Each structure stands twice: as structure tokens, then as C-alpha cells.
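Chemist: Counting from 1, position 93 in the sequence shown corresponds to residue 82 in our numbering; the numbering is continuous, with no gaps. To start, I am sharing the structure in question, which I have written as C-alpha cells.
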Amino acid sequence: MANTILVTGGAGYIGSHACLELLQAGYQVVVVDNLANSKLESLKRVQEITGKSLAFYQVDIRDHDALADVFAKESINAVIHFAGLKAVGESCEQPQMYYHNNVYGTLVLTQVMAESNVKQLVFSSSATVYGAAEQVQYTEDLPIGAINPYGRTKAMVEDILRDLSASDSLKPSQSPWKIAVLRYFNPIGAHESGRIGEDPNGIPNNLMPYVTQVAIGKLAQLSVFGDDYPTPDGTGIRDYIHVVDLVKGHIKAIEALQSEKFADGGCKAYNLGAGKGCSVLEIINTFEKVTGRKVNYKMAPRRAGDLAEYFADPALALRELNWKVEKNLEDMAADTWNWQVNNPQGYN
Ligand SMILES: NC(=O)c1ccc[n+]([C@@H]2O[C@H](COP(=O)([O-])OP(=O)(O)OC[C@H]3O[C@@H](n4cnc5c(N)ncnc54)[C@H](O)[C@@H]3O)[C@@H](O)[C@H]2O)c1
């Protein structure tokens, strides 16, 4: 019998890679996206690469009736919820827009899911929910302490999902919620075909797309914010994860939700990261080595709010989801570059 996954935000960077892996793994895929930060071209290419088709609905997840229509038309087993706004800076400027889209959007989605009795959900959370912790390797049991509106939308949605799951105990006659909250570290890279990848609007917010746009000459220079952190080379250390490894973690999460492990329901958070840190200079050096291109960069002062170092402890995901990363930094650099040179204007 078909196992149909509704992917919200499926036309976006991570969502399009998830659709590709889901189709290749034999799932039926239904995408809901309002195309606020993506282009339909990504899904056209996903279908070309896989030779399989998916269903697409241009719907905003905040539109209850339009979303309910999708659930009425399609026979959905589980939802992977990527739809959301993700720029930290923009969230500080326009917090209402972020709370409305990310928090209210998830409330509408879960309401429609409950009305349709679809109760398996994988949610895109973020390592930003941890805020500033004492330790540099983050485990899932650390306190939540997001420090910006974007991070707080993720933390609030996590609370909502835990409350939903907890409410099951008061309604024993109903089927329980089965929810995996996935806390991503820093997704980079692109599918190895070079046909889909990250296509940021305007100046990129994230390091890797910035590096590639400097290397290809679209941007003049990269600023490395902070070279006096207490790290081996003085630059900030983060945990980078290849987007293909990341989306495979979602398929593992779906498998777990549909297995005996979640037979009684529950809401559980998992870190998805490599489990080791890598500095900004290491990223630049690896990128230069793999591509043979120079990256013009300059050192700049630290940015307020940036931490010196943090990375994931992904042991829980290994233990309970049987997932770990398979790709390394060289793969991330090579695949990002392959996408960039083949698509200098992104999907345009
Ligand atoms: N990329 C990262 O570094 C990162 C890190 C941690 C968490 N996340 C989370 O992962 C998810 C996917 O991120 P991404 O990098 O693919 O972003 P993206 O912007 O490329 O994809 C998000 C997609 O959601 C769609 N969307 C937004 N609001 C919507 C709405 N109200 N209704 C329907 N569709 C809507 C957008 O059009 C876009 O296609 C987001 O929730 C993001 O917060 C991303």
C-alpha cells in the first residue's frame, strides 16, 4: 500500500532534497508550498532526476480550508513540516511575520492534521533553540533558551507539539500523536547531480552560499566575523551537515514513527548534526582545496550574539533512528560548488 508523505515547504532548499530522497525510497509525495521563498523549478528537477512524479499544491499552510482540501484529496500517512521563514536578522526586524508564519502556521497545520486523523509528524527545528549553553557539545536534554525571534518560533512550536502529545493521555480513545522534532545544525551542500541546491534570495545569510558566490565572482569579499575566539585558529566553530545526510535523517524518523518504537505515540527531539565542529577557516581552506578557487576574505569584528563554538551530540539519533552522517566536508564543498557552477543564477 502506498505510503504518502505530505511535505510542507517541499519546494525549498531542504524540502526539495527531501522530496527527491522520499521518491527514491519509494514514498508517494505531496507538496504544499506557497512559493514565498522558492521556485517550482526545484520540484520540476526533482521529478526529472528521479523519473517519478509528485503532487504539488500552491497553498499557504495558514489557509485552513485550502489545506483541508489537500488532506481531503490525498490519502496522507505522515507529514514532514519544513514550511517556515528562516532568516534570523529578518525575524528581529519583523517578529510578527515570523510568529504568524511559523507558529500560527503550525497551529493550523496540526489542526487540519487532527481533523483528518493524520498524526505522524516530523518537524524542522534548529540548534538555535539551545541558545547559549555551558557545554560546546549539545545534547537534547539541554535547556531551551533561544535568543532571537526565529529561534523562539522554533522553541514555541516544539512546546506546542509536546503539549499536543501530552494531551493524548486525556483522550485514550483517540489515536496518539507520533512526533519527531529534528534539531538541525548547519545544513550545507547540494544533491550530487548539481541540479538542485540552495538558491538564496539576494545576499546569502549562510556561510557556504556566501563562500561560493565570492568564489564565482558574484560577491567581492567574505567577512569572517571574529578571529579572536578561544578556538584553535581563532574563528568560530560550527557543526556542518550535508543536506542529503540531513534529509535521510527525516526518512529514518518517518520509519521510526511508523514502527513499534512509537506504537504508543510520543514527541521526541533528536539532534541532526555531524557530531564535530569545523571552523570558518577550515571551511574556506577545504573549499579552496576541493575547487581550486581562491576565496577572497577579510577578518572582521565578532558579531553580537555569535558563540565561539558548538556542535551536536548525535548519539540519540544513532541509537533510536539508526542514523548518522555519511558525507564529509569535502563532499559538502564539492557538491555546493557543482550546484553553483552549473546554476550561476540559481533556478532563474
Ligand atoms: N537551512 C537552514 O540552515 C536551517 C537550519 C535549521 C532549521 N531549518 C528549518 O528547516 C526548514 C526548511 O528550511 P530551508 O532552508 O529549506 O528553507 P527554505 O526557505 O528554502 O524552504 C522553506 C519553504 O517553505 C515555504 N513556506 C514558507 N512559509 C510558508 C507557508 N506559510 N505556507 C507554505 N509554504 C511556506 C517557502 O516558500 C519555502 O519553499 C525551515 O523550517 C527552517 O526554519 C533550516
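Cβ atoms here follow ideal geometry from the backbone N, Cα and C, with glycine treated the same way. Keep in mind it's a predicted model, so treat the numbers as computed, not measured.
1) Just mark Tyr93 as buried or exposed, buried being the case when its beta carbon has 16 or more other beta carbons within 10 Å.
2) DSSP state of Asn190, grouped into three classes?
3) Check whether the Cβ of Asn332 lies closer than 7 angstroms to any heavy atom of ligand 1, and answer yes or no.
4) Express the C-alpha separation of Glu147 and Glu345 in angstroms, rounding to a whole number.
5) Give the straight-line distance between the Cα atoms of Met197 and Ser114, rounded to the nearest whole angstrom.
6) Just to confirm before moving on: does the CB-CB distance between Trp312 and Lys237 stay below 8 angstroms?
7) Which same chain residues, not among the five before or five after Ala(-9), have their C-beta less than 6 angstroms away from its C-beta?
8) Rounded to the nearest angstrom, what separates Val101 and Gly134 at their Cα positions?
9) Got a sec: is the Cβ-Cβ distance from Lys33 to anything in chain C below 8 angstroms?
10) Could you tell me whether any non-hydrogen atom of ligand 1 is closer than 7 angstroms to the CB of Leu24?
11) What is the residue span of the alpha helix (DSSP H) that Gln220 lies within?
12) I'd like to check one pair, Phe251 with Lys160: are the Cβ atoms closer than 8 angstroms?
13) Which residue comes first and which comes last in the alpha helix (DSSP H) that contains Gly94?
14) When the Cα atoms are used, what is the spatial distance from Tyr199 to Glu244?
15) By how many angstroms is the C-alpha of Asp22 removed from the C-alpha of Phe60?
16) What would DSSP say about Pro176, mapped onto helix, strand or coil?
17) Using only alpha-carbon positions, find the residue among Gly294, Ser105, Pro165 that is nearest to Ile136.
18) Do you know whose CA, among Leu56, Gly335, Phe300, lies nearest Thr99's CA?
19) Taking the alpha carbon of Val203 as the point to measure from, which residue in Arg282, Asn90, Arg34 has its own alpha carbon closest?
20) Checking 8 angstroms against the spacing of the C-beta atoms, do Ala242 and Leu171 come in under that value?
21) Do the segment 138 to 145 and the segment 75 to 91 touch if we need at least three Cβ pairs shorter than 8 angstroms?
22) Let me make sure I understand the geometry here. Which of Tyr127, Phe71, Asp152, Gln126 has the alpha-carbon closest to that of Cys256?
23) Measure from the alpha carbon of Glu123 to the alpha carbon of each residue in Pro303, Ala297, Ala306, Leu310, then state which is nearest.
24) Looking at the strands, I want to know which residues DSSP matches up with Leu110.
25) Run through DSSP, which three-state label would Ser31 get?
26) Does the distance between the C-beta of Gly238 and the nearest non-hydrogen atom of ligand 1 fall short of 7 angstroms?
27) Could you check if Leu196 belongs to the surroundings of ligand 1, using beta carbon to heavy atom distance under 7 angstroms?
28) Taking 7 angstroms as the cut-off, is the beta-carbon of Phe60 closer than that to any non-hydrogen atom of ligand 1?
29) What are the residues that DSSP puts in a beta bridge with Thr(-3)?
30) If you reduce the DSSP assignment to three classes, tell me which class Gly40 lands in.
31) Considering Cα atoms alone, identify which of Lys287, Leu305, Phe276, Glu309 is closest to Glu319.
Modeler: So, from the data block:
1) Here residue 93 refers to the residue found at position 104 when the sequence shown is read from its first residue. Exposed, since its Cβ has fewer than 16 Cβ neighbours within 10 Å.
2) Your numbering for residue 190 matches position 201 in the sequence shown. Three-state DSSP puts Asn190 in coil, outside helix and strand.
3) Indexing the sequence shown from 1 puts residue 332 at position 343. Not under cutoff, so the answer is no.
4) For the chain, the structure presents residues -10 to 337; residue 345 sits outside this window and is missing.
5) As a working mapping, residue 197 is identified with position 208 in the sequence shown. As a working mapping, residue 114 is identified with position 125 in the sequence shown. Taking the straight line joining both Cα atoms gives about 20 angstroms.
6) Residue mapping note: residue 312 aligns to position 323 of the sequence shown, counting from 1. Residue mapping note: residue 237 aligns to position 248 of the sequence shown, counting from 1. Yes, these two residues count as a Cβ contact at 8 angstroms.
7) Within the sequence shown, the letter at position 2 stands for residue -9. Only Gln17 meet the Cβ criterion.
8) Here residue 101 refers to the residue found at position 112 when the sequence shown is read from its first residue. Here residue 134 refers to the residue found at position 145 when the sequence shown is read from its first residue. C-alpha separation (whole angstroms): 29 angstroms.
9) The structure shown has no chain C; it contains just one protein chain.
10) For the purposes of this step, residue 24 is identified with residue 35 of the sequence shown, where counting begins at 1. Leu24: yes, Cβ under 7 angstroms from ligand 1.
11) Within the sequence shown, the letter at position 231 stands for residue 220. What sits at residue 220 in the sequence shown is Thr, not Gln. Neither: Thr220 is in no alpha helix (DSSP H) and is coded neither H nor E.
12) Taking the first residue of the sequence shown as 1, we reach residue 160 at position 171. Taking the first residue of the sequence shown as 1, we reach residue 251 at position 262. Cβ distance not < 8 angstroms, so Lys160 and Phe251 don't count as in contact.
13) Position 105 of the sequence shown, counted from the first residue, corresponds to residue 94. It spans 94 to 104 - the alpha helix (DSSP H) in which Gly94 sits, taken as one unbroken run.
14) Numbered from its first residue, the sequence shown carries residue 199 at position 210. Numbered from its first residue, the sequence shown carries residue 244 at position 255. Spanning the two alpha carbons is a distance of roughly 35 angstroms.
15) Residue 60 sits at position 71 when you count from the first residue of the sequence shown. Residue 22 sits at position 33 when you count from the first residue of the sequence shown. Distance between the alpha carbons of Phe60 and Asp22 is about 14 angstroms.
16) Taking the first residue of the sequence shown as position 1, residue 176 is located at position 187. Here Pro176 sits in strand by DSSP.
17) Within the sequence shown, numbered from 1, the residue matching residue 136 stands at position 147. Nearest C-alpha to Ile136: Gly294.
18) Numbered from 1 along the sequence shown, position 110 holds the residue referred to as residue 99. Among Leu56, Gly335, Phe300, the Cα nearest to that of Thr99 belongs to Leu56.
19) Position 214 of the sequence shown, counted from the first residue, corresponds to residue 203. Of the listed residues, the one whose Cα sits closest to Val203 is Arg282.
20) Here the question's residue 242 lines up with position 253 in the sequence shown. Here the question's residue 171 lines up with position 182 in the sequence shown. Cβ atoms of Ala242 and Leu171: closer than 8 angstroms.
21) yes
22) Numbered from its first residue, the sequence shown carries residue 256 at position 267. The residue with the shortest Cα to Cα distance from Cys256 is Asp152.
23) Here residue 123 corresponds to residue number 134 of the sequence shown, with the count starting at 1. Minimum Cα distance to Glu123 is reached at Ala297.
24) In the sequence shown, the residue the question calls residue 110 occupies position 121. Paired residue(s): Val68, Ile168.
25) For the purposes of this step, residue 31 is taken as residue 42 along the sequence shown, with counting starting at 1. Here Ser31 sits in helix by DSSP.
26) Taking the sequence shown and counting its residues from 1, the one referred to as residue 238 is at position 249. No, since every heavy atom of ligand 1 falls outside the 7 angstroms radius drawn around the Cβ of Gly238.
27) Here the question's residue 196 lines up with position 207 in the sequence shown. Because no heavy atom of ligand 1 lies under 7 angstroms away, the Cβ of Leu196 does not count as near it: no.
28) On the sequence shown, residue 60 is found 71 positions in, with the first residue counted as 1. No.
29) Indexing the sequence shown from 1 puts residue -3 at position 8. Paired residue(s): Val21, His70.
30) For the purposes of this step, residue 40 is identified with residue 51 of the sequence shown, where counting begins at 1. Of the three classes helix, strand and coil, the one that applies to Gly40 here is coil, per DSSP.
31) Walking along the sequence shown from the start, residue 319 turns up at place 330. It is Phe276.
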